[in-house]
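Beneath this line is the structure, given in structure tokens, with notes to follow.
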């Protein structure tokens with residue numbers, strides 16, 4: 121299932137490209153969610169919004185809350201390059217806000233993954249992408 125949102129922009133308006141990218145992004149998120157679910161991680165929220173930012177997918181793998189940022193582009197490397205430091209900061213702010221509602225709060229076991237989806241629909245998961 122290709123996510124060819126980047127196909128020749130010539131002849132397409134900016135609005136049409138934006139819509140195509142929007143739909144390709146949602147298709148990529150849906151494919152990543154299915155992959156996590158087949159691996160046993162229950163997806164409990166999609167596009168969760170907070171005051172600080174948005175989390176594409178939130179899942180539960182046993183006692184671990186898994187936050188997933190999904191990026192798509194022609195290649196995995198190009199998709200990864202679309203993640204800015206400012207966006208990483210917003211992700212962490214949203215994670216903190218989500219965890220405030222968990223029984224263990226900030227002591228909850230957490231993993232933040234980066235899911236990269238290329239134009240052919242291939243998915244690469246980088247677990248604990250922001251650790252260290």
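Numbering (this note's numbering), first residue to last: 121 to 252.
We put the beta carbon where it would ideally sit given N, CA and C, even for glycine.
Problem - Chain-order list of residues whose beta-carbon lies under 8 Å from that of residue 210 (same chain, five-residue window excluded) - result: Result list for residue 210: 172, 173 and 174, in chain order.
Exercise for the section: Given a cut-off of 7 Å, decide if residue 198 and residue 188 are closer than it, judged by their beta-carbon atoms. Expected result: No; because the gap between Cβ atoms is not below 7 Å, this pair is not in contact.
Practice task
Check each candidate in 139, 249, 250 and 235 and name the one with the smallest Cα separation from residue 156.
Solution key: Measuring C-alpha to C-alpha distances from residue 156 to each of 139, 249, 250 and 235 identifies 235 as the nearest.
Handout entry: Rounded C-alpha distance that separates residue 128 from residue 180
Key = Any reading at residue 128 must be qualified, since the residue scores a pLDDT of 46, below 50, and its modelled position is unreliable; the value itself is stated next. Cα to Cα, the separation comes out at about 38 Å.
Handout entry: Beta-carbon proximity check, residue 152 vs residue 190, cutoff 7 Å
Key = Yes, they are a contact pair.
Exercise for the section: Could you have a look at residue 157 and say whether DSSP puts it in helix, strand or coil? Expected result: Three-state result, residue 157: helix.
Problem - 8 Å CB neighbourhood of residue 202 in its chain, flanking five on each side removed - result: Same-chain partners within the cutoff: 191 and 193.
Exercise for the section: Output the boundary residues of the alpha helix (DSSP H) element that contains residue 214. Expected result: That run of the alpha helix (DSSP H) goes 205-219.
Problem - Distance between residue 154 and residue 164 (C-alpha atoms, nearest Å) - result: Distance between the alpha carbons of residue 164 and residue 154 is about 12 Å.
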